[in-house]
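Novice: Per the working numbering, residue 423 is the first one in the sequence shown, and the count goes up by one each step.
Provided herewith is a single structure, encoded as structure tokens, for subsequent inquiry.
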Amino acid sequence: MSSTSASTTPDPSEGNGSGTVPESVRVPTPPWWHSAPRLKAAQLSAIAATLPEIPAGFGKPCKDRSAWEADDLQKSLASFVSIARQLQQQPFPAWSDAAYLEFSTSGRREKGAEMMRARRSLLMPLVVAECLENQGQFVPMIHRVLTELAGDPTWIPAPHDVNLTSFSRKAYWVELLSARCGHEIAQSLYLLGDKIDPEVRSQAIHALEERIFAPVRKSLQADGKDSGWLTAHHNWNAVCLAGVTGAAVTVLPDRHERAAFVAAAVEYSKNYISGFPEDGYCVEGTGYWNYGFSNYCTLREQIWQATGGKTDLFADPKVREIALYGPRIQWINGTTPAFGDCGPDVKVSQHLAAYCGAVLGLGAVSETPAIRRDTLFAVCMDAFDHSARHPLQASDHPSAIGDHTYFDKAMVLVCRATGEGRLFASIKAGGNGDHSHNDIGSFSIAVGEATLVGDPGGPRYYRKETFTDQRYDSKLLNSYGHPVPLVGGTLQSEANKTQAIVIGTRFDESVHEIEIDMKPAYALGELSALIRSFTYERVGPGRIVLRDFVRFSTPQNFEVALPTCALWRNLGNGTIEFFSRECRLQARIECTEPFEINSEEIRDYGIELSRVAIRLKTPVETASLTITFEAAE
423 MSSTSASTTP DPSEGNGSGT VPESVRVPTP PWWHSAPRLK AAQLSAIAAT
473 LPEIPAGFGK PCKDRSAWEA DDLQKSLASF VSIARQLQQQ PFPAWSDAAY
523 LEFSTSGRRE KGAEMMRARR SLLMPLVVAE CLENQGQFVP MIHRVLTELA
573 GDPTWIPAPH DVNLTSFSRK AYWVELLSAR CGHEIAQSLY LLGDKIDPEV
623 RSQAIHALEE RIFAPVRKSL QADGKDSGWL TAHHNWNAVC LAGVTGAAVT
673 VLPDRHERAA FVAAAVEYSK NYISGFPEDG YCVEGTGYWN YGFSNYCTLR
723 EQIWQATGGK TDLFADPKVR EIALYGPRIQ WINGTTPAFG DCGPDVKVSQ
773 HLAAYCGAVL GLGAVSETPA IRRDTLFAVC MDAFDHSARH PLQASDHPSA
823 IGDHTYFDKA MVLVCRATGE GRLFASIKAG GNGDHSHNDI GSFSIAVGEA
873 TLVGDPGGPR YYRKETFTDQ RYDSKLLNSY GHPVPLVGGT LQSEANKTQA
923 IVIGTRFDES VHEIEIDMKP AYALGELSAL IRSFTYERVG PGRIVLRDFV
973 RFSTPQNFEV ALPTCALWRN LGNGTIEFFS RECRLQARIE CTEPFEINSE
1023 EIRDYGIELS RVAIRLKTPV ETASLTITFE AAE
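Structure follows, in structure tokens:
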């Protein structure tokens, strides 16, 4: 994904110099894939015919000095050398049982996560620095890191090991971080080749076998049993497949076994794609599109390179719609509405948008950014030749990036300012699934790049109860903390178990409008009707009109929340101002019934917000509430 180039195209035939393979890694007879129900002999044979005899990872091995000594590569990665030298002077981060077990006792994951991260993160700068310098100065510490990781009780973080099964070494399975760790170790072995001591290599390979390959083989033979991510329709599927498949094609010596792992990835990654509606909307939110779909792209690139372009996960036309989610969901410069578990500061990944834009010929994407520095395999994928270095011409199909996007299957509208306009806005009637909040009818409004009112976004961290039946006890995750009505004291039902109805839409040059029947979101028998309309008007700097109409069979309380993570003040006369240092947004309120404005401070999951509420003073049978939002000078 970088314009930085190395000298030559990937040559998967270059090996890792691993020498003999430990007995534990040798493929049994008959091979295990014969009993994997979804792996077909013809497909495996076809894939095997396209794979090199010797496994290879991303980029060029360290022994290819012409590649690693290229001036542009040396300049782009030079900072890794100074980082590696600093690491050599620091105490080695020790494994801590106490830090790991804190989650089991208190539900806090931070100490254990940081302890494991500190150990895993050593590999990338040390290995890159050794490949750049080629003096052997970093090899002793690399040996120690590999030996320590191979000897760690587990690569699985405590929140994913609630029964401490892997911590006690009783059984291993693959999940998000263990898959990533396995891929990092495999990439390290590939790059350094015979620089790695045979005993250290053997320990690392044994750990990969025990913790990555063996559990997944067993699951594939049982069609996904014990590895639920194989059949999952969310980010776990893409992330775990990318790590496992990346490790397999990088170090497994048997070409036919590598073909089996590739075939499994091709087959089971369909589950991830099926988790998106046909319009490509990511129900998990922008942050999880960045995470899950970038791993899907890594998986795609690894398979594409390993098979010489003969197997391409992007061949599915639906992938194009998913790739366009990033450009379509954003307002400006990567900013997006923070729906669901998307963090409030998350932006669309420009790396991901650039990669997809080049490979799929989407057009209207940013320039290729600098080399990523989050994982060793990402560094090597970006720094060396890859498919996005050879972009397609923009396709004949329009990319649909204009003044608005309407995801018609997810029922999510995105409005963008043009000309002198300054307002950006989004509203959702649906688009719920994994990582959802109870947020039917939720919206966000930004002035420029600053979101001033609306959906506060998702947690900055997760707790023990986040993904349990206590999830919606949180005011951040249930509808109370969202810009939706509180109806007769009743919160919304679980959004992924209900379905709002879009009554109508209107999109023309000056007005974008959506009307939503929100009644299905509330399990309140006295509620006869609840209609929300959201109108984006292109007049001057922009204007947004929100209208809620409610009718009950008996008088009930009614209020509408306007959450904000910005500052706010009541200007009187039914006007509220939301503001930051750079911009202001005024909300003018009109209602058929008397109302009052109050607020509550909410602190939850690391998010601080003010829940400003427009509350009717007395129970009503019917009411109409209109809020007009305009950017203030």
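Where a beta carbon is used, it is the ideal one built from N, C-alpha and C, also for glycine.
Do Ala943 and Thr957 have their CB atoms nearer than 8 angstroms?
Specialist: Cβ atoms of Ala943 and Thr957: not closer than 8 angstroms.
Novice: Look at the Cβ atom of Ala775, then the Cβ atom of Pro749, and state whether they are nearer than 8 angstroms.
Specialist: Yes, the Cβ-Cβ distance between Ala775 and Pro749 is below 8 angstroms.
Novice: Give me the residue from Ala872, Ala506, Phe525 with the minimum Cα distance to Phe560.
Specialist: Cα-wise, what sits closest to Phe560 is Ala506.
Novice: Check for me: the beta strand (DSSP E) holding Arg602 runs from which residue to which?
Specialist: Careful: Arg602 lies outside any beta strand (DSSP E), inside the alpha helix (DSSP H) at 598-614.
Novice: So what does DSSP say about Ile862, is it helix, strand or coil?
Specialist: Residue state, collapsed to three classes: coil.
Novice: Do you know offhand how far Thr733's Cα is from Ser691's?
Specialist: C-alpha separation (whole angstroms): 13 angstroms.
Novice: Report the CB separation of Pro985 from Leu1031 in whole angstroms; it is logged as a contact under 8 angstroms.
Specialist: Their Cβ separation, rounded to whole angstroms, is 5 angstroms, which keeps Pro985 and Leu1031 in contact under 8 angstroms.
Novice: Quick check on DSSP: helix, strand or coil for Glu445?
Specialist: Because Glu445 carries a pLDDT of 45, less than 50, the predicted location of this residue cannot be relied on, and no value is offered for it.
Novice: Leaving aside the five residues before and after Val622 along the sequence, list all residues of the same chain whose C-beta is less than 7 angstroms from its C-beta, in chain order.
Specialist: Result list for Val622: His565, Leu568, Thr569, in chain order.
Novice: Taking 8 angstroms as the threshold (C-beta atoms), are Ala660 and Tyr703 in contact?
Specialist: No, the pair does not count as a contact, with Cβ atoms beyond the cut-off.
Novice: Report, in whole angstroms, the separation of the C-beta atoms of Arg844 and Trp753, which I expect to be a contact under 8 angstroms.
Specialist: Contact doesn't hold; Cβ gap of about 11 angstroms is too wide.
Novice: CA-CA distance, Lys769 and Ile867?
Specialist: Rounded to whole angstroms, Lys769 to Ile867 spans 15 angstroms at the Cα level.
Novice: So, is Lys647 buried or exposed, given that buried needs 16 or more other C-beta atoms within 10 angstroms?
Specialist: Exposed.
Novice: Can we say the segment 472-487 touches the segment 525-540, given the rule of at least three CB pairs closer than 8 angstroms?
Specialist: No, because fewer than three Cβ pairs between the segment 472-487 and the segment 525-540 fall closer than 8 angstroms, the two stretches do not touch.
Novice: Any idea if Pro620 is buried or exposed, counting beta-carbon neighbours within 10 angstroms, 16 or more meaning buried?
Specialist: Exposed, by the Cβ-count rule.
Novice: Give me the residue from Leu721, Lys482, Gly697 with the minimum Cα distance to Asp807.
Specialist: If we check each option's Cα against that of Asp807, Lys482 comes out closest.
Novice: Verify whether the separation of the beta carbon atoms of Arg460 and Glu689 is less than 8 angstroms.
Specialist: Yes, the Cβ-Cβ distance between Arg460 and Glu689 is below 8 angstroms.
Novice: Within 10 Å of its beta-carbon, does Arg639 have 16 or more other beta-carbons around it, so buried, or fewer, so exposed?
Specialist: Looking at its Cβ environment, which holds 16 or more other Cβ atoms inside 10 Å, Arg639 is buried.
Novice: Under a Cβ-count criterion, where at least 16 other Cβ atoms within 10 Å of its own Cβ denotes burial, should Lys497 be classed as buried or exposed?
Specialist: Exposed is the call here.
Novice: Is Ala995 buried or exposed, if buried means 16 or more other CB atoms sit within 10 Å of its CB?
Specialist: Residue 995 is actually Asn in this sequence, not Ala. Per the 10 Å Cβ criterion, exposed.
Novice: Buried or exposed: which applies to Thr757, given that a residue is buried once 16 or more other Cβ atoms fall within 10 Å of its Cβ?
Specialist: Result: buried.
Novice: Quick one: give me the first and last residue of the beta strand (DSSP E) that Leu874 is part of.
Specialist: Looking at the DSSP string, the run of the beta strand (DSSP E) that includes Leu874 is 872-876.
Novice: So Asp939 is in the beta strand (DSSP E); what residue range does that whole segment cover?
Specialist: 933-939 is the extent of the beta strand (DSSP E) around Asp939.
Novice: Using the three-state DSSP reduction, which class does Glu581 fall into: helix, strand or coil?
Specialist: For clarity, residue 581 is Pro in the given sequence; the question names Glu instead. Three-state result, Pro581: helix.
Novice: With a cut-off of 8 angstroms, do at least 3 Cβ pairs link the segment 623-635 to the segment 655-672?
Specialist: At 8 angstroms Cβ cutoff, the stretches touch.
Novice: In whole angstroms, give me the CA-to-CA distance for Leu913 and Gly880.
Specialist: Looking at the two C-alpha atoms, the distance is approximately 18 angstroms.
Novice: May I ask you to list the residues that DSSP assigns as paired with Arg379?
Specialist: Since the first residue shown for the chain is 423 and the last is 1055, residue 379 is missing from the structure and cannot be characterised.
Novice: Counting beta carbon pairs with one atom in the segment 925-944 and one in the segment 885-892, are three or more of them shorter than 8 angstroms?
Specialist: No: fewer than three Cβ pairs fall under 8 angstroms.
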